[in-house]
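Chains as they are written, first to last, in the numbering used here: chain X, 1 to 154; chain U, 1001 to 1154.
Ideal Cβ placement from N, Cα and C applies to all residues, glycine included.
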DNA sequence: ATAAAAAAAGAGATTCTTGTCTTAAACTCG
DNA sequence: CGAGTTTAAGACAAGAATCTCTTTTTTTAT
C-alpha cells in the first residue's frame, strides 16, 4: 500500500511531532537511528517534506529538523501526498480499472470500509490531534518504544 | 499490498475458473486480452502457476490453460504464495519491525481486522467456492463484465 | 573572519518489478 | 511424417524504488 519511503516519512513526522520543537531541533542522524532507517535516504525524504512545508529545518550547528506550530496543523495525509501520491488509495485491490460499489471486484466490500477508516485516520486529524491520540492510546512509532513484555501483569 | 504480477495472477485464476474446462482450454492471448494485461508478462505468470500446479496446461493446437478439478480445490491464497509470498500480509502497515496487539502502531487496530477479513476471504475458501460466491453476489473480475449503468432502475 | 556543523542538492549505484524477445519443446491434425 | 500452434524457458531490457556518495550552501560559535 505505502512505499517504504512513505512509511519512513510518516514515522519521521510523528517522531518529530513528539520529540522536536523550535528549541530542540533534531538532526537526520538521530532520527535515522531512532527509526532504524537508512540515513541518507531519510535525509532525501526530509528534504522533500521541507520543500513541501511539512517539516521545518535550519542548517548549521544546533540545526536540524523540527515541526513548528503551522506544520502541526497538517495531516498525515499531506505526507502521503508529498511522498507517494494518492493513487494507491484510489486503485482497486485487484487492479481493476473500474471497480466501485456498482461494479465491485470480489473483495471490494472488504477493502472499501478499510480504506474509509484509514483515510479518516490520516486525513481528518491534524498531526497535533494525531499525536494526542497516539499518546492517549499508548501507540508505538519507533522500535525504541517497545515495552518488550516487561509489564506482564498490567 | 499485492504486486501487479499477483493481481494479474489472481484475476487469471478466477477467469479460468469461470471460463475454462478440460474441454475448453484458453490461450494466453485470449486471457491477456480479456483481462487487459501485458501478454508476455502474463505468460510468465501462468508458467509459474503451472509449475506450482495451480493451473493446468497443454501445448499444441487446441492447447492452452485451464483448471482441472484438483486445481479448483486450491485457494486464492495459494496463488499469492506462489507469486508474491506472504510477507506483505505479515508486515506492519507503517513498516515497524515489531508491531502487534501489545505494541501496536498508530493504525494497527484499523489494519488488523482488515487483514483478518481479506485473509479469510482468500485462504478459507477453495477456488470453486470462491467462484460460487462471485456468481451469487454478481462480482466483476474482468473489464468486459461491466454493466456500465445500463440497468439504472434496478 | 574562520572553522565546524548541519541541511540541500545532485549525481550515481543497486536492486526489484515489470515487461519483452527469442528459441526450444510438445502437441495436434491433416 | 510434417506443418502449424501453443506452452516453456531463459536471456534480456526498461523503469521505478531504494539507497549512497560527494559537493555546496547556510548557520553558529569561537
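Identity of the residue in the options nearest residue i by Cα
i	options	result
residue 1027 of chain U	U/1116, U/1066 and U/1138	U/1066
residue 1106 of chain U	U/1093, U/1114, U/1097 and U/1116	U/1093
residue 20 of chain X	X/3, X/58 and X/37	X/58
residue 1144 of chain U	X/98, X/130 and X/121	X/98
residue 140 of chain X	U/1102, U/1001 and U/1012	U/1102
residue 1123 of chain U	U/1025, U/1081, U/1008 and U/1108	U/1081
residue 1142 of chain U	U/1112, U/1013, U/1116 and U/1002	U/1013
residue 1130 of chain U	U/1018, U/1090 and U/1096	U/1018
residue 1137 of chain U	X/25, X/108 and X/89	X/108
residue 1001 of chain U	U/1100, U/1125, U/1095 and U/1104	U/1095
residue 1121 of chain U	U/1030, U/1025 and U/1076	U/1076
residue 3 of chain X	U/1024, U/1025, U/1030 and U/1091	U/1091
Cross-strand partners of residue i (DSSP beta bridge)
i	result
residue 4 of chain X	Residue 4 of chain X is not bridged to any residue.
residue 15 of chain X	Paired residue(s): none; residue 15 of chain X is not in a bridge.
residue 1026 of chain U	U/1065
residue 58 of chain X	X/64
residue 21 of chain X	X/24
Buried or exposed (CB count within 10 angstroms, at least 16 for buried), residue i
i	result
residue 132 of chain X	exposed
residue 1114 of chain U	buried
residue 37 of chain X	buried
residue 78 of chain X	buried
residue 40 of chain X	exposed
residue 1044 of chain U	exposed
residue 1135 of chain U	exposed
residue 1064 of chain U	buried
residue 62 of chain X	exposed
residue 1087 of chain U	exposed
residue 60 of chain X	exposed
residue 1071 of chain U	buried
residue 85 of chain X	exposed
Cβ-Cβ separation, residue j to residue i (assumed contact under 8 Å), whole Å
i	j	result
residue 16 of chain X	residue 55 of chain X	6 Å
residue 83 of chain X	residue 32 of chain X	Wrong, their Cβ atoms sit about 16 Å apart, outside the cutoff.
residue 110 of chain X	residue 74 of chain X	Not a contact, Cβ separation roughly 30 Å.
residue 1068 of chain U	residue 1022 of chain U	6 Å
residue 1011 of chain U	residue 1046 of chain U	Not quite, the Cβ-Cβ distance comes to about 12 Å (not below 8 Å), so this is no contact.
residue 42 of chain X	residue 8 of chain X	6 Å
- Task: Could you run through the segment 86-108 of chain X and flag, in chain order, every residue whose CB is less than 8 Å away from some CB of chain U?
- Result: 93, 94, 95, 96, 97, 98, 99, 102, 103, 104, 105, 106, 107 and 108
- Message: Please list, in chain order, the residues of the segment 1009-1039 of chain U that have any C-beta partner in chain X closer than 8 Å.
- Response: 1010, 1011, 1014 and 1036
- Members of the segment 119-130 of chain X near chain U, C-beta cut-off 9 Å: 121, 122 and 130
- Message: For the segment 71-86 of chain X, list every residue whose C-beta sits within 9 Å of some C-beta in chain U, in sequence order.
- Response: 76
- Task: May I ask you to list, following chain order, the residues of the segment 132-145 of chain X that have a beta carbon less than 9 Å from some beta carbon of chain U?
- Result: 133, 134, 137, 138, 139, 140, 141, 142, 143 and 145
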